[in-house]
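**Student:** Quick one: structure below, then a few questions.
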Amino acid sequence: MPEAGASARRIGVLVSGRGSNLQALIDAIGRNELRATIAVVISNVPGVAALDRAAAAGIDTLVLPHRDWASREAYDEALAAALRDKGAALVCLAGFMRRLSARFLEAYDGPVLNVHPSLLPAFPGLDGPGQALAHGVKVAGCTVHLVTAELDAGPIVAQSAVPVLPADTADTLAARILVEEHRLFPQAVGRVLDGAWRIDGRRFLDV
Ligand code: GAR
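Our numbering applies: residue 17 is where the sequence shown begins, and numbers increase by one.
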């Protein structure tokens, strides 16, 4: 299959905090392991470390604090418009700690990928590692999935498993999962940008 043009490999990254997954994308692009351009990094929280990481890499940033909009739908439309303005052909949620509404997905109309620190469908929502530890599972991990209107429930693109060790705390388990997130997320982004995939029901499959 012919390669998509450079404009089809422009990605927008949404963040809310530390930005280590954003950094993993920046680093993978720098090592030529991920062929993509980050068109913009948008944060819904001002002053977060992810914005500093983007600025240090010379990437355009935008702060859109959700509290400045009257409703979730109005915010999500503004977010989609900003991503379209920047020509983002794919959106990556890299620690974006805010639900996106169906309105966003209609208004943006392109693939949206999220990285989540659990083996979905187990432990959606907040604190995946803490939930896994409290449940007593022996294997935890991370998931990259396509975003749908249902929280952490879209088709799964890639997963990686991490053992839960007897001495783990939520923090040590989260740190071990994060290492896998940093490996898995850039790979999955490249896979989706390359095309040659289709969705069959809930399944993400090769064409
Ligand atoms: C990551 O562990 C990511 O999987 C998680 O937040 C962390 C962000 O870290 N995201 C979610 O829980 C989304 N439901 P980072 O800002 O250093 O990338």
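In this text, a Cβ means the ideal position worked out from N, Cα and C, and glycines have one as well.
Taking Cβ to Cβ, would you say residue 106 is nearer than 9 Å to residue 173?
**Tutor:** No.
**Student:** What residue from 165, 26, 191, 221 has the CA that sits closest to residue 122's CA?
**Tutor:** Of 165, 26, 191, 221, the residue nearest in Cα terms is 165.
**Student:** Cβ of residue 82 versus every heavy atom of the ligand GAR: is any distance shorter than 8 Å?
**Tutor:** Incorrect: residue 82 has no Cβ contact closer than 8 Å to the ligand GAR.
**Student:** From this set, 112, 34, 43, 30, which residue's C-alpha is nearest residue 199's C-alpha?
**Tutor:** Checked all of 112, 34, 43, 30; the closest Cα to residue 199 is 43.
**Student:** Decide if the segment 126-134 is in contact with the segment 96-115; the criterion is three or more beta carbon pairs, one per stretch, under 8 Å apart.
**Tutor:** Segments in contact, yes.
**Student:** Using a 10 Å radius around the Cβ and a threshold of 16 neighbouring Cβ atoms, would you call residue 38 buried or exposed?
**Tutor:** It counts as buried.
**Student:** Grab me the residues of residue 142's own chain with a C-beta within less than 6 Å of its C-beta, minus the 5 sequence neighbours each way, in chain order.
**Tutor:** Counting only Cβ-Cβ distances below 6 Å, and skipping sequence neighbours, we find nothing.
**Student:** Shorter than 8 Å, the distance from the beta carbon of residue 172 to the closest heavy atom of the ligand GAR, or not?
**Tutor:** Outside the cutoff, so no.
**Student:** Report the three-state DSSP secondary structure of residue 120 (helix, strand or coil).
**Tutor:** Of the three classes helix, strand and coil, the one that applies to residue 120 here is helix, per DSSP.
**Student:** Tell me which same chain residues have a C-beta within less than 8 Å of the C-beta of residue 34, skipping the five on either side of it?
**Tutor:** Result list for residue 34: 64, 65, 66, 111, in chain order.
**Student:** Mapping the DSSP letters down to three states, classify residue 216 as helix, strand or coil.
**Tutor:** Reduced to three states, the DSSP call for residue 216 is strand.
**Student:** Please determine if the segment 210-217 and the segment 182-196 are in contact, where contact requires at least 3 C-beta pairs separated by less than 8 Å.
**Tutor:** Because the criterion of three Cβ pairs below 8 Å is not met, the segment 210-217 and the segment 182-196 do not touch.
**Student:** Thinking just about the alpha-carbon of each residue, which of 97, 201, 46, 148 is nearest to the one in residue 160?
**Tutor:** The candidate whose alpha carbon is nearest that of residue 160 is 201.
**Student:** Put residue 189 into one of helix, strand or coil per three-state DSSP.
**Tutor:** Residue state, collapsed to three classes: helix.
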